[in-house]
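The numbering of the sequence shown is the working numbering, which starts it at 19 and goes up by one.
Note that CB positions come from ideal geometry on N, CA and C, so glycine has one too.
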Amino acid sequence: MIANGAALGLSWDQGGTHGVWADISHHQLRGKNVADNTTSRLMGGYYRRLINTPNELLTVGVGSMLWHYKKDLSEYTLGHGGYYSPQKYVSLSLPVNYAKRTVDWSYLLEGSVSLSASKTRDMAYYPEQNLIAGPWLELAGQGVSHADFMTNNSFKGGSSRSVGYSVRGLVERRLDNHWVLGAGLDWRYSEDYSPSRAMLYVRYSFKSWQGDLKLSPEPLTPYADFK
């Protein structure tokens with residue numbers, strides 16, 4: 019899948035106690051043998067720093083998200099994309115973040131609890147009819163109408179509410195003036211969407227650096243999260 023579109027991020031932070039942020043985006047999603055789709059997202063939040071020093075940071079906040087996908091292509095039959103794509107998704111989260119650094123170490127621990135609601139419409143088993151043109155012509159020749167075919171070969175939509183949890187930990191260790199070793203674990207759980215991943219990476223700086231590491235580690239960005 020490839021997403022093409024635009025995103026606008028806004029934030030206000032004077033380096034003091036409070037901060038706010040917002041992000042709005044719209045993308046077209048296309049892939050081989052997968053139905054085209056569009057998605058729009060609106061996200062925003064507020065945070066407050068309880069500890070705010072050069073080497074230690076503790077932040078609490080509140081965030082909200084609103085997603086919309088034109089089609090629900092979350093299944094794995096031919097023409098679907100296998101990605102979470104509700105017609106409506108709204109959530110409210112309460113995140114807590116803690117970061118600390120020393121000369122050679124940098125740590126980050128994040129956790130949150132969230133409430134969410136989602137809604138999906140009925141979706142055909144095979145949303146791209148041209149991919150099953152041969153079998154469909156055979157069925158039509160046997161007297162099967164398009165309406166009957168769609169009624170008997172569709173995933174049923176619905177609505178749901180759930181409580182979600184997430185924990186994310188990152189750590190980096192300076193190996194020398196150029197190399198940094200990092201590791202991370204990202205675990206998330208909700209009823210309809212539970213992406214999790216672990217990573218191990220190294221980072222090389224062309225310019226020698228002997229100062230402190232950054233307060234928050236800088237892990238690799240998964241390809242699916244590129245913007």
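By Cβ distance below 8 Å, which residues in the same chain neighbour residue i in space, the five residues on each side in sequence not counted?
i: Pro237; result: Leu188, Gly200, Gly202, Met217, Tyr219
Do residue j and residue i come within 7 Å of each other at the CB atom, strictly closer than that value?
i: Arg186; j: Glu93; result: no
i: Ser109; j: Ser132; result: yes
i: Ala117; j: Ser234; result: yes
Would you list the residues sitting across from residue i in a DSSP beta bridge?
i: Ala250; result: The structure shown does not extend to residue 250, since the chain is modelled only from 19 through 245, so no value can be given for it.
i: Ile69; result: Leu76
i: Leu133; result: Leu110, Val181
i: Ile42; result: Leu26, Leu60
Have a look at the options and flag the residue whose alpha-carbon is nearest the alpha-carbon of residue i.
i: Tyr222; options: Asp54, Asp194, Met61; result: Asp194
i: Ser208; options: Leu96, Tyr102, Arg119, Ser58; result: Tyr102
Residues in the same chain with beta-carbon distance under 6 Å from residue i, minus the five sequence neighbours each way, listed in chain order, please.
i: Ile42; result: Leu26, Leu60
i: Asp54; result: Arg48
i: Arg215; result: Asp204
i: Thr77; result: Tyr65, Arg67, Asn115
i: His31; result: Note that residue 31 corresponds to Asp in the displayed sequence, not to His. Around Asp31: Gly37.
i: Ile150; result: Tyr144
i: Asn73; result: Arg119
Tell me, to the nearest whole angstrom, how far the beta carbon of residue i is from that of residue j; I am working on the premise that it is less than 8 Å.
i: Arg119; j: Asp230; result: 6 Å
i: His44; j: Ala21; result: That belief does not hold up - the Cβ atoms of His44 and Ala21 are roughly 10 Å apart, past 8 Å.
i: Lys89; j: Lys137; result: Not quite, the Cβ-Cβ distance comes to about 13 Å (not below 8 Å), so this is no contact.
i: Tyr63; j: Gly81; result: Per the sequence presented here, residue 63 reads as Gly, with Tyr not at that position. Confirmed, about 3 Å.
i: Gly97; j: Glu146; result: 4 Å
Starting from the C-beta of residue i, find all residues in its chain whose C-beta is less than 7 Å away, skip the five residues before and the five after it, and write them out in chain order.
i: Trp227; result: Asn195
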